Amino acid sequence: MFIELIAKPEYHFLRLAFLLSAMSSITFGLIGSFVVVRRIGYLAGAISHCAFGGIGIGLWLKQTILLGGLGLSWLFAASASSSSDSPLTSRSDSNLLFQKISDAIDPVVIAIIVAIGAALLIGIIQKRFAEREDTIIGTIWSFGMAVGLLFLDRTEGYVSVASYLFGDIVLISNFDLWTVGILSVFVLLISGLCFKRLEAVCFDEEFARLRGINVDFYFRLLLILIAITVVLMLRIVGMILVIAMLTVPAATAARLTKRLIPMIVWSIFFCFIGSWIGIYLSLLFNFSVGPMIIVVISTIYAFVLVFFK
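Quick note: the sequence shown, position 188, residue 581 per our numbering, numbers continuous.
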């Protein structure tokens with residue numbers, strides 16, 4: 394019956410949701426395993442909150458440009474007055490131009506840029522200020538969230554940020570699907586090419602240094618991959634629940650095996666099953682998708698914790 398339901402044309406968004414969660418599970422399971430093995434879940438949390446700062450900046454830019462801010466109205470007036478035969482001589486033309494520029498700005502892209510910048514900053518801080526790392530990371534964590542909220546305060550009109558905070562996978566579009574697909578392929582490609590070095594850095598940093606591996610470079614590369622993966626999760630579980638989605642499936646897998654590759658496979662499986670069951674239950678009982686997914690994967694973790702000691 395459920396298969397017949399999602400096969401209907403009016404439920405196209407459900408097919409996109411299931412497809413998006415299936416693609417994302419591979420990335421989440423892979424990067425989440427690195428995070429759990431390296432024990433840097435708190436860094437992922439800091440990056441996710443900085444990504445929210447990028448979301449706030451992106452939404453502010455979209456709305457401000459749409460209203461002709463940032464000097465665009467002045468530039469339009471100047472260009473119109475300097476050329477009498479210019480086609481952009483009416484207010485409707487300027488509104489159309491502002492609309493096109495605003496539509497071209499994607500808050501998720503801004504979030505990726507900010508998240509990568511935060512990841513590089515965190516990598517530098519961990520190397521140079523190890524003795525005060527927790528305090529500095531906590532400051533970055535709070536700063537990223539505060540910046541996003543301040544930009545939202547200056548955003549005119551109504552702006553919904555609930556989907557970025559808690560996820561809203563049922564409202565995804567074909568563009569979102571393509572974006573997640575491209576970013577997932579990039580993360581998987583880089584991870585595959587550098588897998589052995591990333592594995593060495595995560596399991597035994599000192600041994601990796603003795604083998605001549607540039608530990609600092611690959612650790613920062615791992616943080617960049619985490620940053621991209623965190624942004625991928627915004628549509629699924631949102632910024633608030635991102636740490637759970639990144640770490641719980643991998644932690645569940647770690648209860649079943651101590652080897653990295655089997656751990657990744659199990660983690661992908663738990664992400665996949667948890668996402669699909671979570672989407673189904675949220676539709677069945679009319680709950681939010683993101684929190685339901687986290688409840689499901691947390692339940693799986695509790696089950697494995699009790700019965701697989």
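Beta carbons: idealized from backbone N, C-alpha and C, even for Gly.
None of these values were measured; they are calculated from a predicted model.
Boundaries of the alpha helix (DSSP H) in which residue i is found, first to last residue
i, result
"lysine 455", "434-459"
"lysine 520", "500-521"
"valine 554", "Note, valine 554: premise wrong, no alpha helix (DSSP H); not H, not E."
"leucine 618", "608-626"
"lysine 589", "588-596"
"valine 682", "682-700"
Contacts around residue i, its chain only, beta-carbon distance under 6 Å, and the 5 residues preceding and following it disregarded
i, result
"aspartate 496", "none"
"aspartate 478", "Only weak support exists for where aspartate 478 lies, its pLDDT of 49 falling under 50; the coordinates are left without a value."
"valine 554", "none"
"methionine 626", "Val635, Met638"
"glutamate 598", "Val608"
Rounded Cβ spacing between residue i and residue j (contact assumed at less than 8 Å)
i, j, result
"serine 417", "valine 573", "6 Å"
"isoleucine 448", "serine 577", "The pair is not a contact, with the Cβ atoms about 20 Å apart (cut-off 8 Å)."
"isoleucine 533", "leucine 514", "7 Å"
"tryptophan 453", "phenylalanine 536", "The pair is not a contact, with the Cβ atoms about 17 Å apart (cut-off 8 Å)."
"isoleucine 687", "alanine 644", "In fact, because the Cβ distance is near 13 Å, the residues do not count as touching under 8 Å."
"leucine 639", "alanine 415", "Actually they are not in contact, since the Cβ atoms of leucine 639 and alanine 415 sit about 17 Å apart, beyond 8 Å."
For residue i, the nearest candidate out of the options (CA to CA)
i, options, result
"methionine 685", "Gly560, Ala439, Ile506", "Gly560"
"glycine 434", "Lys493, Arg521, Leu634, Phe696", "Leu634"
"leucine 413", "Arg648, Phe701, Val641, Arg628", "Arg628"
"valine 594", "Ala415, Phe700, Pro500, Ser426", "Ser426"
"glutamate 549", "Arg590, Ala439, Ile450", "Ile450"
"valine 624", "Leu677, Ile440, Ile498, Ala555", "Ile440"
"threonine 650", "Val697, Ile529, Asn607", "Val697"
"valine 429", "Arg652, Tyr557, Ala555", "Arg652"
Minimum Cβ-Cβ distance from residue i to chain D less than 8 Å
i, result
"serine 417", "Among the chains in the structure shown there is no chain D, since it carries only a single protein chain."
beta-carbon residue i near the ligand PLP non-hydrogen atom, thresh 7 Å
i, result
"phenylalanine 588", "The ligand PLP is absent from the structure shown, which contains no ligands of any kind."
Neighbourhood of residue i by C-beta distance below 8 Å, restricted to the same chain and skipping five residues each side
i, result
"asparagine 391", "This structure does not reach residue 391, given that the chain is present from 394 up to 702, and the question cannot be answered."
"cysteine 587", "Tyr611, Leu614"
Beta-carbon proximity list for residue i, same chain, < 7 Å, skipping 5 on both sides
i, result
"glutamate 703", "Any answer about residue 703 is impossible in this case: the structure gives the chain only from 394 up to 702."
Next item on the list: Decide if the stretch 659-671 is in contact with the stretch 619-628; the criterion is three or more beta carbon pairs, one per stretch, under 8 Å apart.
Entry: In short, these stretches do not touch, since the Cβ pair count stays below three.
Margin query: Does the structure place the stretch 599-617 close enough to the stretch 514-521 that three or more beta carbon pairs sit under 8 Å?
Written below: Three or more Cβ pairs drawn from the stretch 514-521 and the stretch 599-617 lie within less than 8 Å of each other, which places the two stretches in contact.
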